[in-house]
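Only one structure is covered here, and it is reproduced in the block below.
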Amino acid sequence: MKIAVLSVQGAFIEHEKMLSLLGVQSFEIRQKRDLEQEFDGLILPGGESTVMGKLLKELDLFEPLEKKIKEGLPVLGTCAGLILLAEKLSNDANTYFGTLPVIVRRNAYGRQLGSFYTEEEVTGVGKIPMAFIRAPFVESAGADTEIIARVDGNIVGVKYHNQIGVSFHPEVTGCTRLHEYFLRTCQVHSKP
Amino acid sequence: MNDNRYELNKELAQMLKGGVIMDVTTPEQAKIAEEAGACAVMALERIPADIRAAGGVSRMSDPKMIKGIQEAVSIPVMAKCRIGHFAEAQILEAIEIDYIDESEVLSPADDVYHIDKTRFNVPFVCGAKDLGEALRRVNEGASMIRTKGEPGTGDVVQAVRHMRKMNQEIARLTSMREDELFQAAKELGVPYDLVQYVHENSRLPVVNFAAGGIATPADAALMMQLGAEGVFVGSGIFKSGDPKKRAAAIVKAVTNFNDATLLAELSEDLGEAMVGINEQEIGLLMAERGK
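So the sequences go chain by chain: A and L. Under the working numbering, the first sequence has 88 at position 88, and the numbering climbs by one with no breaks. Under the working numbering, the second sequence has 382 at position 190, and the numbering climbs by one with no breaks.
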């Protein structure tokens with residue numbers, strides 16, 4: 001199995017380290033020719049969504065990735081990655097892939113002083129540590145979107161077909177369980 | 193500051209990696225920077241080149257001006273306070289700045305002591321010329337480091353010197369026997385546990401950006417190839433002929449710093465670069481402030 005990690009900006013190396021801990025091969029997508037190889041899943045990391053969204057378009061990555069996601073390629077979006085997947089943002093006119101039927105609020109916890117750690121249950125994963133850094137949350141989710149995690153009543157994790165979006169950063173806490181959960185989705189998808 | 197807060201602050205710097213942090217002096221410039229793909233902006237009244245030209249004492253910016261920039265953009269907003277000026281830092285924390293730069297670009301307020309950054313909840317980035325400076329700042333609570341370079345010059349030579357020096361010293365610590373680390377800590381003037389961290393991990397305990405004199409996409413690519421995890425561009429953008437285009441080109445150069453064909457395209461038609469001053473032509477070495 002091979003996982004692609006969008007690496008135009010942000011904490012992509014952290015995701016690669018998690019995958020390597022799990023013995024899974026990964027590679028970086030920085031430009032169009034990186035898409036020439038086959039892969040079984042895609043990770044959209046934490047970082048600045050405005051930067052990633054702009055670079056996706058200007059480096060001609062947007063359309064090919066959008067097509068793959070729509071065709072069912074498993075994808076995990078963390079923090080900024082969730083914003084890239086969201087169908088709508090409640091406090092920003094921009095949208096990016098728009099493949100995940102949720103409305104997301106950017107910087108929902110305010111500035112850096114609002115950043116926090118917690119531990120909470122994720123459906124199908126168990127209780128895991130969560131780092132929220134200038135994080136968004138999901139304001140509302142479409143009827144077919146499964147809510148997999150809440151913190152203080154706010155939706156912080158969703159799953160829709162092969163798309164998983166979380167508003168926290170599983171890549172910085174040293175706990176690989178959410179990645180394992182994502183890899184199971186990739187495994188099911190890549191089996192004929 | 194509890195341990196969680198420090199971890200979260202270091203992690204915010206991790207989220208900025210592979211990005212460009214741009215100096216801006218107005219909400220309009222902040223918007224241009226955000227649209228060009230800046231991962232954060234540094235709000236300040238005068239960019240380093242103008243501080244250098246104006247001379248005199250340079251201080252923290254007007255909080256109202258910083259708030260105007262906070263309202264204009266959704267990306268993190270940083271601001272500078274003087275070295276050792278913890279009251280300025282308290283003010284910046286009160287307006288919920290995302291990152292404080294305790295910066296040699298401003299006139300130092302204390303020529304002996306840096307701010308005890310462990311007393312703050314907001315994160316700090318500090319400049320460093322070598323590993324000793326970097327680890328002393330980390331020990332004081334900095335959650336991100338940048339090379340000092342020489343701000344406001346458009347001359348990349350000092351940023352290169354500082355990055356190479358830091359890398360050489362990291363490589364030296366990494367290759368040492370463990371029983372040599374105690375003496376290394378003494379020589380660097382830093383605590384043993386930080387030396388041990390570098391020895392084991394072959395890197396600083398925090399994210400390290402390049403700053404001070406970066407003016408072109410090629411400069412940015414050079415610093416990334418030398419091991420910077422992102423870049424600060426101060427005067428280089430808004431002192432150039434076409435800020436929007438240059439800013440966007442530097443952002444792309446940082447993402448694809450190893451692709452010379454793309455860098456060639458990005459370097460075309462950028463208009464005039466900031467004029468720049470060579471290191472021999474300047475009277476004031478800001479990098480010598482705060483060690």
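For glycine and all other residues, C-beta sits at the position ideal for the given N, C-alpha and C. Since the structure is predicted, the reported quantities are computational estimates derived from the model, not experimental observations.
- With a 10 Å radius around the Cβ and a threshold of 16 neighbouring Cβ atoms, Phe168(A) comes out buried.
- Interface flag for Pro397(L) against chain A is unset, since no Cβ pair is found closer than 8 Å.
- DSSP, reduced to helix, strand and coil, places Val382(L) outside both helices and strands of the structure shown, so it counts as coil.
- Scanning the region 18–61 of chain A for uninterrupted alpha helix (DSSP H) segments of 4 residues or longer gives 49–58, listed from N- to C-terminal end.
- In the three-state DSSP reduction, Gly72(A) falls in the coil class, being neither helix nor strand.
- About 10 Å separates the CB atoms of Leu59(A) and Leu6(A); that is not less than 8 Å, and the two are not in contact.
- Interface flag for Gln206(L) against chain A is set, since a Cβ pair is found closer than 8 Å.
- Residue burial annotation: Asn201(L) is buried, with at least 16 other C-beta atoms found within 10 angstroms of its C-beta.
- Between Ser295(L) and chain A, the shortest Cβ-Cβ separation is not below 8 Å.
- Between the C-alpha atoms of Glu226(L) and Asp92(A) there is a straight-line separation of about 13 Å.
- By the CB criterion at 8 Å, Glu296(L) and Lys340(L) fall inside the cutoff.
- In this structure, the straight-line span from the alpha carbon of Arg395(L) to that of Gln282(L) is close to 30 Å.
- Taken in chain order, the unbroken stretches of beta strand (DSSP E) that lie wholly in the region 385–461 of chain L and span 3 residues or more are 399–401, 423–425.
- The beta carbon of Phe374(L) sits closer than 7 Å to those of Tyr384, all from its chain and outside the five residues before and after it, given in chain order.
- Look at the region 50–62 of chain A: the residues with a C-beta under 8 Å from a C-beta of chain L are Thr50, Val51, Lys54, Leu55, Glu58, Leu59.
- Chain A has no Cβ within less than 8 Å of the Cβ of Thr453(L).
- Separation of Ala135(A) and Met207(L) (C-alpha to C-alpha, rounded to the nearest whole angstrom) is 11 Å.
- A contact is defined here as three or more CB-CB pairs under 8 Å, and the region 399–412 of chain L fails this definition with respect to the region 168–185 of chain A.
- For the region 68–148 of chain A, the continuous beta strand (DSSP E) assignments of 3+ residues that do not extend past its boundaries occur at 75–78, 86–89, 100–105, 116–122, 126–132, 137–141, in sequence order.
- One thing to note: Leu298(L) has its Cβ within 8 Å of the Cβ of Lys272(L).
- The beta carbon of Ser432(L) does not come within 8 Å of any beta carbon belonging to chain A, so the residue lies off that interface.
- Residue burial annotation: Arg30(A) is buried, with at least 16 other C-beta atoms found within 10 angstroms of its C-beta.
- In the structure shown, Thr185(A) adopts helical secondary structure according to DSSP, grouped into three states.
- For Ile289(L) against Val317(L), the beta-carbon gap comes to about 11 Å, at or over 8 Å, which does not count as contact.
- Taking the Cα of Glu36(A) as reference, the smallest distance to any Cα among Gly77(A), Lys127(A), Gly126(A), Leu65(A) is reached at Leu65(A).
- Between Ala143(A) and Ile155(A), the CB-CB gap reaches or exceeds 8 Å.
- Within the region 257–281 of chain L, the complete beta strand (DSSP E) runs of at least 3 residues fall at 269–274.
- For Val382(L), the nearest beta carbon of chain A is not closer than 8 Å to its own beta carbon.
- Among the residues of chain A, those whose CB is under 7 Å from the CB of Thr447(L) are Val8, Gln9, Arg30, Leu55, following chain order.
- Cβ-Cβ separation between Gln9(A) and Gly210(L): approximately 4 Å, consistent with a contact (criterion under 8 Å).
- With fewer than 16 other Cβ atoms from the protein chains shown falling within 10 Å of its own Cβ, Gly475(L) counts as exposed.
- DSSP places Asn154(A) in the strand class (E or B) of the three-state scheme.
- Setting aside the 5 residues that flank it on each side, Asn107(A) is surrounded in the same chain by Arg134, each with a C-beta closer than 6 Å to its C-beta; the list follows chain order.
- Scanning chain L for C-beta atoms nearer than 9 Å to the C-beta of Gln112(A) yields Leu200, Asn201, Leu204, Pro268, Glu288, Ile289, Asp290, Tyr291, Asn313, Val314, Pro315, reported in chain order.
- Cβ neighbours of Leu84(A) within its own chain (closer than 8 Å, five residues either side excluded): Leu44, Ser49, Met52, Gly53, Leu56, Gly77, Tyr96, Phe97.
- Going by DSSP, Asp293(L) is part of the beta strand (DSSP E) stretching over 291–295.
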